[in-house]
Amino acid sequence: MDEVTFPPSPTWLLTNILACRKDGCICYGSKNHIVILKIKPEKTFDTLIIKGAHEERVTSIAFSPSNCHTNLSNTIVSCSEDGYAKLWKIDTLTATLGNRSHWEPNEPCGKIICLDWSLANPNIVVSAADNCSLVVWDVLSNTTVKFSFQRLFPTVLACCPHNEKIVAVGLKSGLIYIINLVGKGDIIYKLRGHDKEIQSLSWCPISYNVFKATDIFEEFLLASGCLNREIYIWRAGSDGKSEIKFQVPKSLKSKKNSNLNYGNNFSSLVVYWHDAYTLYFSSNFGELLFFDIWLFVNKESQTSESKINNSLLQFLKIEHHFHSKALFAIAGAQNFEDVNIILHTDLEIKSDIKFKTQSNAKHITKLSFINNDSEIVKWKVKTSENNSLVWTAGQDRKLVAFKKENSLKEIVYNFHTLNGPVYAAVVSPHDINKIAIAAGDGVIRLWNLLQPCGDIQVFWQKIKDRVMSLSWHPTRDGLLAYGTSLGRVGLIDTNSVKMPIVFKSSNTQPIYNLSWGPRWGSEVNSSNKDFDLYCVGGDTVFLYNSLESGADALNLSKMMPVSCKAQTDIAWKPDHSVLTIGDKQGHIYFIDPADFQVVYTLLAYNKLVQSIAWHPISTSVDKGISPYHTYLAAGSTDNENEIRVFNYIKERSAVRVERIASLKGHFGHIQHISWSPHLGGRLISSSVDCSVQIWDVLTQTPLVNYNSVNIPLFSMWSPTNPDIVFTGYRNSILEVWRISIQTKTEPSALVKSKKKKKDKNIKMKDISDCSQDVVDVIMKEEENENLNFSIAETKNTVKISKNVKMFSKAWKDNSNDEFIKSQRNSNNLTEYYELSLWTGNIKDVIEERIQTGQLNDFLMSIVPTVSPRLWQEACISYSKSLREKKLYHKAATYLIACHKVYEAVDLLVEEKLFLEALCIVKNRLPSTDPIMSKIVEKYAQWLFQNGSYLRACECYLYLNNYEEVAKIFGKKNKPEYLSLAALAAKKYGCHELELLEATKGLIKCLQIKNLDLARRICCDHSDLKMFVILTQELSMAICGKDKNKKITHIIRGLSTCYRYIQNSENETDDALFNLCKWLRLSDFIREECSGLLDDDSYKLKLSSLKEFLGAAIVRHLSNNVTEDNVTEWMNVLDKMADSFLTENSYKYFKNLIEIEVCEKRLMKNQDLYIRNKLPSAKNNNDLLENVKKNNNGINETIIINNGSPEILKNGSPDSETLESESVDRDIYEMNVGKESSGEKK
């Protein structure tokens, strides 16, 4: 096999972290590194890694365009959260240019979130940072233009490939800004449609609208995807409106397959417009989907209107499903080749026009075509298919490349990447072409060496943590044991799809090593196939029974000698005759497995034993047992950095261990050691000095050394090729390298930087002793010297102003004050301020800076040394300048520092920073200050205007403003919110609003059949409860066929209404009269009941109907009774007594009229009684209360006799029939309610 490097995986969930070139070369960011994969013709690749390219995480990366300047060819640009954007030369892997223009003095460095290299103008790179800034960087001239925006929090950026002046920026709020890069950086359009964070943007490769024929040739279609998996296609070049939108399904597979647990719900929606009619995007389950625009546009069976309204699922297809988890990045080389415009009329094609879009052209000229009949000709755009590679990166840490040729999908590359340290790799004893790899990303990879690029199986179920150790079962094919950093030990059957077996254990420490050994308590026999699992976890050795996964692990450390306090490594002799255990004190214990007794204790080192390894029984060159099969090698963390090799000799019952070799040469402690399976006596070691060394143990000489820039964690020989070595590193890299091409034989010493000591003998001479000639020579040298320094992030050099001459002149001049003033008059303000401060004239400098508004943090730090008054003036002035720079928090801080709390609060409120203002008020002002309520009210209004209804309600609840709460909840138009709105209105006391919202909520509940909430709404609002009961009774009366039962339900409904108006606070409520009028009660009594006159029960019910009809008429008329017409109303009442009213009803309504008259008389003369303090007022009030009390008793009797179940039951021959009606009697009594005493009337 060839040399290969498995690189670290791309950083998750960053859609611009992957870039592709037309030749198939890709690059991506992994943490703070940059990985470049160069494709070879034989379908292999070279891996180039720029390690430590940035100090923080790389966030975006891009290749230079193919038509760029020769100095920029074969270049990539990257940006990072450290605030830097850098250009890298791929050939040399070195940074050629850097930029940090997002940084501003006296401000924290802005994290660059995204960037893009413009295709329309290959000389500029556009980047956006989280400090609301956008930078246009001309990489050819190394000049920058910076634009600042308010509340611009970018997530993704894409330069328009057709117009160099336009860039699209996606924000966290869901907006998309189309920004003009010329002038002041005006926002051309704010594209509104998404509700969640924008995750991806992609421009259409052609400038025309591929969805419909228009006369606009600069539509500039833009595709966007957001967090809630919606895709919009915008007309960013014409009117800024959406052309089409659709919701991305979770998966296009069947529901059975879509339920598989491929990944989590934190997947990104990435879109990539490959060619004019192919839009790729990702799904939640590892599928690469695409929108077939050509099929959508040319669907002849649909009209243009119906196509938009129809479901787009038939036009969404699966490109491939080679990822087991969600995709987060898609990259390819977009096609900007020849474009054919087919001009045609409705009848026949007239002509074809072909032109070539220049990728370096600023824009394409707008065209219009007119035929001979002066009609505008329709057009279609057809582009050639883009057959370049398309790369995808998924959360399964795979990179997949495919090519679409002749409508056939061809997967060209499919290889895995790593994430986390590569801790171990073990060769299968049954198939030497299979290697299991343990990494820190919680995945075990099984690599088939016969296909080095893609044939890798992954196992991740039930692991849930970093895998630190692996071990194959000696006899059972495909059984692999693993140990994690949290102490979990499990078994995986790599030949089946069964879930792993996890052993029960109380250990939570990392598992450093695993080893299979003979079954506990059994005799050592080569034919014995029963093995148990021995492991080192933390400082303890555990034994797991492979047949009983639910049994507790056996703690073998308790059987060790007292001197063995903490075990570090474990290794079985290949014939399983001896078990060796190392500890932290440097001991190696040789144990007999038959009785687990220590047969020999070896003090190998003075510190921790890091690694121990037995020589194999035989190697590839041995015809039988190797003569070195008793050799044991060990490495430690002591300062000697020495590998020691021992010979284990067993003579009858005696055991003897001798040191036979000491291998010196490493400059750091040993990490791992391993013997060669091909040649006896060869050893390979890995050290923290970033080197891998191959030794000849017999001659104790180093043979080959391989250096790296990172610490290797293990090294091992290839099981099939003695010239190949596998090395795993801490920085997520697995390297496969050849021994024969290495030139070094020994490790290089670690070079430590040493500071040069200054010569203490050099003394400064007194300038007064120098002659004037010497001084002139010095001044001349100062004038001719170019004092400049290079800035790492920029090509240009900034020259230091020649202040040395000026300071030297001031030093020599006796009249320093005049010299300082001359600097002021010469407008050398910087020198003037510096010299004034050095001479101690702080007050004048500060006052001057206050007037000019040029204060800074350094000057503010020395202002308190002058006076408190100047400090207050400086704070106010500096706060104004900070506010102009949009540093509102810092401006408020300085206002608070000078005790201007109210001014600081007003500043924050004006800039819509309400939470910060509330924090200051709560901590600096008394709780009774009314400004708190004012700020909360403004905050609530601002939240309501921006659509944050729930948080606005929280603010209004704090203010006890239930009216606004009710109005806000009412706007949601959902039953839950309408119920809350009704309760808030009830709390506020607005009866009409309460009834309105409760009714709307009840209707919504009934529409969606939410009966529990409907019942709760009825119970919370008594008025609504009465209407529900009344509706129930009237509905049953209308639907019933039995006239007797109809009358029963009508009486119950009238009784319910009568009780409602008796309890109502509205004395003029005519609900009963309106109900009788709507029922046409008089006609009903006369017509419907004519056949039941001989029935006794009917007579009672007819009496009740008459009573309610009379009560309704009397209440309606009594609303207009006065002291003057009381006699007339009494006569009317006497006439109604014979036809409608019983004796008790007559008394009640007569008293009711008297009460009305008395109340009006009292209200008329109340002022006179109070003014003269006449005793008659009290007497009249007492008389009125007595009349009301007696009348309430009569009213209760009327209700009981006319509306309760008693009148429907007593004396009725059909009492049993009435009891069996659909409306249960207990439910009826609960609905009507209990009779209340002490009513108003």
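Take the sequence shown: its letter number 1022 is residue 1022 in full-length UniProt numbering, and every next letter is one higher.
A virtual CB, placed ideally from N, CA and C, is assigned to each residue, including glycine.
Between the CA atoms of residue j and residue i - distance to the nearest angstrom
i	j	result
proline 421	isoleucine 612	21 Å
asparagine 507	threonine 745	43 Å
glycine 586	aspartate 696	24 Å
glutamate 579	phenylalanine 531	Per the sequence shown, the amino acid found at residue 579 is leucine instead of glutamate. Leucine 579 and phenylalanine 531: Cα-Cα distance of roughly 14 Å.
alanine 439	arginine 730	10 Å
leucine 1105	serine 1055	10 Å
isoleucine 308	isoleucine 244	Here the model assigns isoleucine 308 a pLDDT of 49, short of 50, so the residue's position is not dependable, and the following value carries that caveat. Their Cα atoms are separated by approximately 7 Å.
isoleucine 179	valine 126	11 Å
asparagine 485	methionine 860	The sequence shown places serine at residue 485, rather than the asparagine named in the question. Taking the straight line joining both Cα atoms gives about 52 Å.
leucine 449	lysine 434	6 Å
isoleucine 649	tyrosine 628	11 Å
proline 154	serine 324	30 Å
aspartate 82	tryptophan 234	33 Å
glycine 665	leucine 491	39 Å
tryptophan 12	lysine 51	18 Å
asparagine 32	serine 748	26 Å
serine 66	leucine 37	18 Å
residue 1271	tryptophan 117	Any answer about residue 1271 is impossible in this case: the structure gives the chain only from 1 up to 1241.
residue 1251	leucine 943	The structure shown does not extend to residue 1251, since the chain is modelled only from 1 through 1241, so no value can be given for it.
isoleucine 444	lysine 464	11 Å
isoleucine 61	leucine 87	10 Å
Anticipated Cβ contact below 8 Å, residue i with residue j, distance rounded
i	j	result
valine 297	aspartate 396	The pair is not a contact, with the Cβ atoms about 34 Å apart (cut-off 8 Å).
asparagine 419	aspartate 441	4 Å
serine 620	arginine 644	Not confirmed; about 26 Å, so no contact.
tyrosine 958	tyrosine 988	Between tyrosine 988 and tyrosine 958 the Cβ distance is about 15 Å, and since that is not below 8 Å, they are no contact.
serine 715	isoleucine 684	5 Å
isoleucine 846	alanine 874	6 Å
leucine 514	cysteine 535	5 Å
phenylalanine 322	asparagine 414	6 Å
Buried or exposed by the 16-neighbour rule on C-beta atoms within 10 Å, applied to residue i
i	result
isoleucine 1207	Since pLDDT at isoleucine 1207 reaches only 35, below the 50 mark, its modelled position is unreliable, and the value read off the structure follows with that caveat. Isoleucine 1207 should be labelled buried.
valine 709	exposed
proline 7	buried
residue 1256	For the chain, the structure presents residues 1 to 1241; residue 1256 sits outside this window and is missing.
tryptophan 614	buried
cysteine 226	buried
histidine 899	exposed
glycine 853	exposed
histidine 69	exposed
arginine 488	buried
threonine 865	exposed
glutamine 199	buried
arginine 1015	exposed
isoleucine 17	buried
Proximity test, Cβ basis, 8 Å: residue i and chain D
i	result
lysine 971	Looking at the structure shown, chain D is missing, and only one protein chain is on hand.
*Pair every Cβ in the stretch 159 to 176 with every Cβ in the stretch 198 to 213, then say whether three or more of these pairs are closer than 8 Å.*
yes
_Sequence ranges, beta strand (DSSP E) only - wholly within the stretch 402 to 445, length at least 3_ = 408 to 416, 422 to 427, 434 to 439
*Whole beta strand (DSSP E) runs in the stretch 123 to 173 with 3 or more residues, listed along the chain?*
124 to 129, 133 to 138, 143 to 148, 154 to 159, 166 to 171
_Uninterrupted beta strand (DSSP E) stretches inside the stretch 479 to 567 (no shorter than 3 residues)_ = 479 to 484, 489 to 493, 511 to 518, 531 to 537, 540 to 544
*asked:* Using a Cβ distance threshold of 8 Å, determine whether the stretch 178 to 195 contacts the stretch 269 to 282, with at least three qualifying pairs required.
replied: no
*Report the residue ranges of all beta strand (DSSP E) runs contained in full by the stretch 175 to 250; include only those spanning at least 3 residues, in chain order.*
176 to 180, 187 to 191, 198 to 203, 221 to 226, 230 to 235, 242 to 247
*Could you name each continuous alpha helix (DSSP H) segment of 4 residues or more that falls completely within the stretch 989 to 1064, going from the start of the chain to the end?*
991 to 1008, 1011 to 1020, 1022 to 1039, 1043 to 1063
*asked:* If contact is defined by three or more beta carbon pairs under 8 Å, each pair taking one atom from either stretch, is the stretch 736 to 745 in contact with the stretch 718 to 728?
replied: yes
*What are the start and end residues of each continuous beta strand (DSSP E) run of 3 or more residues lying completely inside the stretch 691 to 715, in chain order?*
691 to 696, 701 to 707
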